[in-house]
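Residue numbers (our numbering), protein chains in the order written: chain A, 59 to 249; chain D, 1155 to 1673; chain Y, 59 to 105. Idealized CB from N, CA, C, for every residue including glycine. Below is one structure; the comments refer to it alone.
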Amino acid sequence: MVTDQFGIVGLLSFIRAAMDGTMVPAIIPGIDLTTLGLNLNSPENLYSTFQSPWAEAPCRPQDIDFHVPAEYITNIYIRFKLAPIKFFRYGEDLLFFLFYMSGGDVLQLAVAAELYNRDWRYHKEERTWMTRAPGMEPIVKTNSYERGTYYFFDAVKWRKVAREFHLEYDKLEERPTLPSFLSQNMNNPNQ
Amino acid sequence: FDDPPGLHEKTENLLIEWVNMYHSPQAGRDRTKAFFSFVQYMHQQGILKTDDLISRFFRLCTEMCVDLCYRALVEQNQSPTLIRAKCFHTLDAFVRLIALLVKHSGDSGNTVTKINLLNKILGIITGVLMQDHEVRGTEFQQLPYHRLFIMLFIELNAPEPILESINMQVLIAFCSVFMFLRPAKAPGFAYAWLELLSHRVFIGRLLALTPQQRGWGMYAQLLINLFRFLSPFLRNAELQKPTHLLYKGTLRVLLVLLHDFPEFLCDYYYAFCDVVPPNCIQMRNLILSAFPRKMRLPDPFTANLKVDSLPDITVEPRILPNYVQMIQPASFKKDLDSYLQTRAPITFLSELRSSLQQNPEPNSHLHYNIPLINALVLYVGTQAISSIQAKGQVTSMGTIAPSSHVDIFQYLAVNLDTEGRYLVLTAIANQLRYPNSHTHYFSCCMLYLFAQANNEQIQEQITRVLLERVIVNRPHPWGLLITFIEMIKNPTYKFWNHEFVHCAPEVEKMMEGVAQSCL
Amino acid sequence: PLVKDHLYQLTMLDAAYQHLPHPSDSERLRHYLPRCPFPTPSYYYQL
């Protein structure tokens, strides 16, 4: 057999080095390209929402600039008249919109904290927001779980849906921890 | 050197004035009026008097904007968002000034003046970048230059009639700059460079919107520069984090191209494979997996797939650039053509090996002229296809040999050392792509070499070249799969009888695993 | 082994790696809702 790097033995030693971690497996067996954050089955072009070679996700809709008539660019005229962003003023619909549109942004965290303040809880496994249905106490309640009827926010249908559920408390997210520059604003509704 | 006295202060004042105008609501309401009054002011300050003064003005503005960014970037108590906002506050205003000056330079119909000005300014920014890169070294920051280039590109690609009339020249200007600032020349700018190349507006303009694919060649050249830069680091296969990130970013860009512009990869695969290192198997597979969007590929795992009767198998693919020119020197090409036609001179084959070898670079193990090998293999194959068609025949295992063409492949397989043989077989495997006449011919060729080998090492290396491409993560080119499946499935080749298949438990397990997936 | 030129390129690349471009570097300034990337929990929706 060929004993140098150009035969089967050469390939084998390459593979062994990748498997036992002495070599970064970027070359062999290579990278699973489906994990690079691109929807390779998309019927639409990918380049038009391509965020960056280092990003794990495509652009959010709000990040894509379009050439619009100059008259539409009004921020420069009204920016000092705009109300400051105060989440306690906003309705649930807007909060959910901001939550789902701001993945990976501090805004998502801030909105999550406000939803928590309004007794919504994020279920980490179901990956959805839920709250107790008003006036409906749990049928079963223990230290670790309860069972009853709850409202779930369905992000696909974009509405609250009531259903019975077995809720384990450890599956709920605790109060979101905000960075200090944000928590000062959040804790004082008068600011 | 030797800026006229007072020019620095004048430039600074003008820049401050413009930045304030750019950000003021009053200017926003009537931008053109504000711009023209500013140009008048520039005239009054004498800035537009001579070409030299204009150049110095832009150079000083660029340096001031860059200095401001460096000062902002060292501030420790501010968030990255605020720091960037501070930098962009001035940079974006400067970009707008440049864009307006370009747009309104000369008469509306005079494109030459506009492009000359743009080229001058881009050249100045590039010069400032290179000097900064050299002087600051590892302290160099990409941010200000990245912002200048991308925002200027976006501004100059706005859907306005004046800009549409100069769009092609604008694209050429930017591509020239990016060619100059290629990673090998400005490695400290490499990440920003790839970000620029992969920006949706840049890709859209060069690959989608410019008619008749006139942007494709420039984009291909830029990618070739990227592969060339990565090559020495990828050859070592032990990727440090910075190169690993750049490599992963390159794969992302290639995936976008594979999805959105597969025909682009089809056309330029040859030029790319010339510069992608031989051990970058997945990246090469990605390029070779491209096929025209209108084509429907038959499932390579179909039992009894009759490749010979596929209609696309007789269609010649387009290949850019002209690879025949790579066969040098001219005397070698002449001898090659003579041998292909007449099998003379007899000495051609024995001299072939030395023609393909080269003196290795210092610290390089590469003893062969890889671009020449690639060109030779493809040229001989395409000549063979023409010869078969001229006889009114179709390419098959029965018609590719005997021929002077296969003689050459067989000679190289038998007489080169393991490295040379590996490179020749790699060059053949690089033609195994989507259904076309080249894929079919080289698939037959590879299988013929396997069947006719007088030496098990040849069969081992053919297996090695195909197997390494099959075992990496997807995608896999269609032609690769059908060739490998045929080799392991067809009892003619007695694949499973060979010693190298069973030489180690991992190899046996790997072969069986691959065979199970394929069969 | 890498030659001198390539070693220099690697050094510069390593330095550039310490301050990578950010997607907002290619976007117009947003004054009202600027992009402010932050590591949110993995169980939140990211897309």
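(message) Please identify the residue among Gly65(A), Phe146(A), Leu91(A), Ser106(A) whose C-alpha is closest to the C-alpha of Phe1415(D).
(response) Here residue 1415(D) corresponds to residue number 261 of the second sequence, with the count starting at 1. It is Ser106(A).
(request) Output, in chain order, the set of chain Y residues within a Cβ distance shorter than 7 Å of Trp112(A). (result) Locating residue 112(A) in the first sequence gives position 54, where the first residue counts as 1. By Cβ distance, chain Y contributes Leu78.
(request) Starting from Phe1486(D), trace the beta strand (DSSP E) both ways and give me its first and last residue. (result) As a working note, residue 1486(D) is residue 332 in the second sequence. First-last for Phe1486(D): 1484-1496, but that is the alpha helix (DSSP H), not the beta strand (DSSP E).
(message) Could you compute how far the alpha carbon of Tyr158(A) sits from the alpha carbon of Thr98(Y)?
(response) Residue mapping note: residue 158(A) aligns to position 100 of the first sequence, counting from 1. Residue mapping note: residue 98(Y) aligns to position 40 of the third sequence, counting from 1. If you take the alpha carbons of Tyr158(A) and Thr98(Y), they lie about 12 Å apart.
(request) Starting from the Cα of Asn175(A), find the closest Cα among Glu231(A), Asp123(A), Thr93(A), Asn103(A) and give me that residue. (result) What you label residue 175(A) is simply residue 117 of the first sequence in a count that begins at 1. The shortest C-alpha separation from Asn175(A) is found at Glu231(A).
(request) Pull up the distance between the alpha-carbon of Phe1563(D) and that of Ile1582(D), whole angstroms please. (result) The residue you call residue 1563(D) lines up with position 409 of the second sequence. The residue you call residue 1582(D) lines up with position 428 of the second sequence. C-alpha separation (whole angstroms): 9 Å.
(request) Look up Phe1155(D) in the DSSP assignment and say whether it is helix, strand or coil. (result) For the purposes of this step, residue 1155(D) is taken as the residue at position 1 of the second sequence. In this structure, Phe1155(D) counts as coil in the three-state DSSP scheme.
(message) Can you tell me which residues form a DSSP beta bridge with Leu225(A)?
(response) Counted from its first residue, the first sequence places residue 225(A) at position 167. Per DSSP, Glu204(A).
(request) Find the residues of chain Y that neighbour His1413(D), judging by a C-beta separation of less than 9 Å, and give them in chain order. (result) The residue given as residue 1413(D) occupies position 259 in the second sequence. Within chain Y, no residue comes near His1413(D); the closest Cβ sits about 17 Å away, beyond 9 Å.
(message) Quick check: is the beta carbon of Tyr158(A) nearer than 7 Å to any beta carbon in chain Y?
(response) Residue numbering aside, residue 158(A) sits at position 100 when the first sequence is read from its first letter. It does: the Cβ of Tyr158(A) has a partner Cβ on chain Y nearer than 7 Å.
(message) If distances are taken between C-alpha atoms only, which option among Thr1165(D), Glu1217(D), Val1220(D), Phe1356(D) comes closest to Leu1202(D)?
(response) As a working mapping, residue 1202(D) is identified with position 48 in the second sequence. Per the Cα distances, Thr1165(D).
(message) Given a cut-off of 7 Å on the beta-carbon distance, is the pair Pro1386(D) and Leu78(Y) in contact?
(response) If you number the second sequence from 1, residue 1386(D) lands on position 232. If you number the third sequence from 1, residue 78(Y) lands on position 20. For Pro1386(D) and Leu78(Y), no; Cβs fall outside 7 Å.
(message) Measuring straight from C-alpha to C-alpha, what distance separates Thr1593(D) and Cys1427(D)?
(response) Indexing the second sequence from 1 puts residue 1593(D) at position 439. Indexing the second sequence from 1 puts residue 1427(D) at position 273. If I take the Cα positions, the gap works out to 15 Å.
(request) Report yes if the CB atom of Lys1257(D) is closer than 7 Å to the CB atom of Ile1308(D), and no otherwise. (result) Position 103 of the second sequence holds residue 1257(D). Position 154 of the second sequence holds residue 1308(D). Cβ atoms of Lys1257(D) and Ile1308(D): not closer than 7 Å.
(request) Closer than 8 Å, Cβ to Cβ, to anything on chain Y: give me those residues from the stretch 164-175 of chain A, in chain order. (result) Val164, Leu165, Gln166, Leu167, Ala170
(message) Does any residue of chain D have a CB that is nearer than 7 Å to the CB of Pro92(Y)?
(response) In the third sequence, counting from the first residue as 1, residue 92(Y) sits at position 34. Yes, because at least one Cβ of chain D sits closer than 7 Å to the Cβ of Pro92(Y).
(request) In the DSSP assignment, find the unbroken alpha helix (DSSP H) run with Tyr1424(D) in it and report its ends. (result) Counted from its first residue, the second sequence places residue 1424(D) at position 270. Its alpha helix (DSSP H) spans residues 1416-1429.
(message) Just to confirm before moving on: does the CB-CB distance between Ala1591(D) and Ile1539(D) stay below 7 Å?
(response) The count along the second sequence starts at 1 and reaches residue 1591(D) at position 437. The count along the second sequence starts at 1 and reaches residue 1539(D) at position 385. It is worth fixing the name first, because residue 1591(D) is Ser in this sequence and not Ala. The answer is yes: Cβ separation under 7 Å.
(message) Just checking: is the beta-carbon of Leu230(A) within a distance shorter than 7 Å of some beta-carbon in chain Y?
(response) As a first step, residue 230(A) is located in the first sequence; it is residue number 172 there, counting from the start. No - not a single Cβ of chain Y is within 7 Å of the one on Leu230(A).
(message) Can you tell me whether Trp187(A) is helix, strand or coil according to DSSP?
(response) Locating residue 187(A) in the first sequence gives position 129, where the first residue counts as 1. Of the three classes helix, strand and coil, the one that applies to Trp187(A) here is strand, per DSSP.
(message) Could you give the first and the last residue of the continuous beta strand (DSSP E) run that contains Arg179(A)?
(response) Sequence index remark: in the first sequence, residue 179(A) carries index 121 (1-based). From DSSP, the beta strand (DSSP E) with Arg179(A) extends over 179-181.
(message) Given this structure, state the Cα-to-Cα distance separating Ile1554(D) from Leu1634(D), to the nearest angstrom.
(response) For the purposes of this step, residue 1554(D) is taken as residue 400 along the second sequence, with counting starting at 1. For the purposes of this step, residue 1634(D) is taken as residue 480 along the second sequence, with counting starting at 1. Answer to the nearest angstrom: the Cα atoms are 19 Å apart.
(request) Figure out for me which residue from Val214(A), Asn103(A), His224(A) has the closest Cα to the Cα of Cys117(A). (result) Your numbering for residue 117(A) matches position 59 in the first sequence. Ranking the options by Cα distance to Cys117(A), first place goes to Asn103(A).
(request) Mind listing, in chain order, the continuous alpha helix (DSSP H) runs of no fewer than 4 residues lying wholly within the stretch 1199-1282 of chain D? (result) 1205-1227, 1234-1257
(message) Please tell me whether Leu87(Y) has its Cβ less than 7 Å away from any Cβ of chain A.
(response) Here the question's residue 87(Y) lines up with position 29 in the third sequence. No, no contact with chain A.
(request) Enumerate in chain order the residues of its own chain whose CB-to-CB distance from Arg1587(D) is below 6 Å, with the five nearest sequence positions on each side excluded. (result) Mapped onto the second sequence, residue 1587(D) falls at position 433. Cβ within range, chain order: Leu1442, Thr1593, Pro1631, Gly1633.
(message) Counting C-beta neighbours from all protein chains within 10 Å, is the total for Thr235(A) 16 or more, i.e. buried, or is it exposed?
(response) Residue numbering aside, residue 235(A) sits at position 177 when the first sequence is read from its first letter. Result: exposed.
(message) My output table needs one value for Phe124(A): the three-state DSSP class, helix, strand or coil.
(response) Along the first sequence, read from residue 1 onward, the residue named residue 124(A) stands at position 66. Coil.
(request) Answer yes or no: the CB of Pro1471(D) versus the heavy atoms of the ligand NAD, is any distance below 6 Å? (result) Ligands in the displayed structure: none, and consequently the ligand NAD is not present.
(message) Run through chain E and tell me which residues come within less than 7 Å of Thr98(Y), C-beta to C-beta.
(response) Absent from the structure is chain E; the protein chains it does hold are A, D and Y.
(message) Only counting the same chain, and skipping five residues up and downstream in sequence, which positions put a Cβ closer than 7 Å to that of Val1531(D)?
(response) Reading the second sequence from its first residue, position 377 is the one you call residue 1531(D). Cβ within range, chain order: Val1578, Ala1581, Ile1582.
(message) With H, G and I counted as helix, E and B as strand and the rest as coil, what does DSSP make of Asp1286(D)?
(response) As a working note, residue 1286(D) is residue 132 in the second sequence. The answer is helix: DSSP assigns Asp1286(D) an H, G or I state.
(request) Name the two residues that bound the continuous alpha helix (DSSP H) containing Trp1172(D). (result) In the second sequence, counting from the first residue as 1, residue 1172(D) sits at position 18. Taken as a continuous stretch (DSSP letters only), the alpha helix (DSSP H) holding Trp1172(D) covers 1161-1177.
(message) If I measure Cβ to Cβ from Phe1638(D) and keep anything under 6 Å in the same chain, skipping five residues before and after, which residues do I get?
(response) Your numbering for residue 1638(D) matches position 484 in the second sequence. Same-chain partners within the cutoff: Leu1620, Val1624.
(request) May I ask you to list, following chain order, the residues of the stretch 63-75 of chain Y that have a beta carbon less than 9 Å from some beta carbon of chain D? (result) Asp63, His64, Tyr66, Gln67, Leu68, Thr69, Met70, Leu71, Asp72, Ala73, Ala74, Tyr75
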